[in-house]
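Under full-length UniProt numbering, the first residue of the sequence shown carries the number 1, and numbering increases by one thereafter. From the three backbone atoms N, C-alpha and C, an ideal C-beta is built for every residue, glycine too. This report concerns only the one structure given below.
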Amino acid sequence: MTAEPEPWLPDCAFTGQTTLAPLASCSAEWSAAWLANETLEPDLNWNRGGIDAAFTPQATVNGFALFATPERRLRLASALLGRTLEARHLRTEYDRALLDKLVDRALADLTDRIRQSLSFTSSKLTQPAMRPDSIFRAALRTGNGLDVVHLVTSKSVLIEVARRRAARPRARNPIHSRARAIETQAVELSALVGHTSLSFHDLQELETGDVIALDDQANRPRDLFAGGRLCAKACVEIAANDGRLSLIIERAVNEW
């Protein structure tokens, strides 16, 4: 058996009214057309897990399967006719055949409405025996809470329905200046070479090419600045090389 790939999503993302709304709409329209004085409504949420072996499939459409039992088919027949039916009322085979035909036609119409409402779904229903952790069910119930038909589907189908019914994504906000910090940034490194003391009179007399003596020792480690801010102390050495000054940076790896 090949596993069916599924995106990770919490159950609440696809088991609520987002995926039940189209089925509720189909059920309401179908109830108005077929039922005497009842309106079938689905559960508030899809429930994880398969159904009892007593249920038999009635129809399969767009990844959804309809299940019922003889007792629940009798409940549906009662809702169709507007009177309470019990097994003792079915005295002949003709009675049973007539009710079965009526129920089958009603369920066929409900199936067709689901097909039209969810025409975009294409996933196949996973067999409950194969993937019990991926099966979800919801019941259509009468006004007094009695379940009549159970809908069974797979997680992948519900996710597809939720995706198709999701709203358009919001327009992306402009990138904040802080977000640019993750981009490649140019950083200027500098070091304070040294200090000297000159009088104002000496400064006025300085010309191009004059040499200024520094008070600091040439081999003393200097502080390192990045972007004009101090980022490390005593980690830069200055070396003279062919009339140029080179900065030699030495710093432990865990200090960067």
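| Asked | Found |
| --- | --- |
| Mapping the DSSP letters down to three states, classify Gln17 as helix, strand or coil. | helix |
| Assuming His150 contacts Phe67 under a Cβ cut-off of 8 Å, what Cβ separation, rounded to an integer in Å, is found between them? | 4 Å |
| If you follow the alpha helix (DSSP H) that Val161 is in, where does it begin and where does it stop? | Lys155 to Arg165 |
| Near Ala240, which residues of its chain fall below 6 Å by C-beta distance, leaving aside the five closest residues on each side in sequence? | none |
| If we ignore side chains and look at the alpha-carbon of each, how far apart do Ala54 and Asn37 end up? | 28 Å |
| Which value, in whole angstroms, describes the spacing of the CA atoms of Ile135 and Asp11? | 12 Å |
| Identify the continuous alpha helix (DSSP H) that holds Ser117 and give its terminal residues. | Glu93 to Ser117 |
| State buried or exposed for residue 262, treating a residue as buried only when at least 16 other CB atoms are found within 10 Å of its CB. | Because the chain in this structure spans residues 1 to 256, residue 262 falls outside the shown range and cannot be described. |
| Does the ligand PLP have a heavy atom nearer than 8 Å to the CB of Ala87? | No copy of the ligand PLP appears in this structure; indeed no ligand is present at all. |
| For Arg141, which residues of its own chain have a beta-carbon under 8 Å away from its beta-carbon, when the five flanking residues on both sides are left out? | Leu40, Glu41, Pro42, Asp43, Asp147 and Val148 |
| By a C-beta neighbour count over all protein chains shown, 10 Å radius and 16 as the cutoff for buried, is Leu118 buried or exposed? | buried |
| Roughly how many whole angstroms lie between the Cα atoms of Val152 and Thr60? | 9 Å |
| Between Gly49 and Arg137, which are expected to be in contact by the criterion C-beta below 8 Å, what is the C-beta distance as a whole number of angstroms? | 7 Å |
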